[in-house]
Amino acid sequence: MSEASTSTSQPQPQVDPAKQQALAAYRKLKEHEELDANLKKIRLSLRDLEKDYDKSEDDIKALQSVGQIVGEVLKQLDEERFIVKASSGPRYVVGCRSAVPKDKLKNGVRVSLDMTTLTIMRILPREVDPLVYNMTMEDPKGASFAGVGGLGDQIRELREARQSPYTRQLSADMASITGH
């Protein structure tokens with residue numbers, strides 16, 4: 001007999017309709033959970049994209065605007081006014097653009113000022129030599145001195161230079177003692 005004829009001769013087990021409905025509901029629930037998780041991921045990525053877009057828009061506006069002056073916050077006078085020392089030398093009492101977080105405007109923070117209104121337009125990163133900045137961005141990921149060449153040779157040379165006078169003196173003393 002072929003397999004087709006054997007499968008028809010055996011009675012098919014009856015599947016409980018309630019069990020089928022529960023299984024279908026479970027599958028829909030799992031599918032809903034997956035879709036919900038994907039929706040959350042998409043919303044988070046959308047927020048990130050919106051932040052990037054807003055930053056790009058601000059950068060474009062800054063490039064299109066009249067030149068700006070670089071300054072350093074010296075003191076906060078009140079909620080809206082700050083004393084800023086411009087890079088060219090003079091100090092100004094200035095206001096702040098509403099988009100700039102005022103809680104980050106502390107003593108020593110670099111800012112850009114609108115040339116015409118002398119308003120703080122944005123917070124600038126700390127002034128760092130580009131080579132030093134590139135070194136700060138490097139992540140050694142567990143590198144050790146031995147892994148990058150170590151200091152073994154230098155330590156040995158220092159030890160020899162430091163111990164050499166004593167070992168030479170000791171051998172000279174031994175030679176004079178044994179020479180008698």
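Using UniProt numbering, the first residue of the sequence shown is number 1, and each one after it goes up by one. Ideal Cβ positions, reconstructed from N, Cα and C, are used throughout, including at glycine.
Quick check on residue i: does DSSP put it in helix, strand or coil?
i: Lys85; result: strand
i: Glu72; result: strand
i: Asp16; result: coil
i: Val66; result: coil
i: Arg91; result: strand
i: Arg27; result: helix
i: residue 185; result: Residue 185 cannot be examined here, being either before or after the span of the chain that is shown, 1 to 180.
Among the candidates the options, whose CA atom is the shortest distance from the CA of residue i?
i: Val128; options: Lys141, Ala143, Val109; result: Val109
i: Pro101; options: Ser88, Leu124, Ala86; result: Leu124
i: Thr116; options: Val84, Val66, Ser45; result: Val66
Pull up the CB-CB distance for residue i and residue j, whole angstroms please, since I reckon it's below 8 Å.
i: Gln68; j: Leu113; result: 6 Å
i: Val111; j: Arg122; result: 7 Å
i: residue 182; j: Thr119; result: Not covered by the structure: residue 182. The range shown for the chain is 1 to 180.
i: Ser45; j: Val70; result: That belief does not hold up - the Cβ atoms of Ser45 and Val70 are roughly 34 Å apart, past 8 Å.
Beta-carbon within less than 7 Å of residue i's beta-carbon, same chain only, minus the 5 sequence neighbours each way: which residues are those?
i: Asn107; result: Val73, Leu74, Lys75
Between which residues of its own chain and residue i is the CB-CB distance below 8 Å, once the five residues before and five after are set aside?
i: Gln14; result: none
i: Gln20; result: none
i: Ala24; result: none
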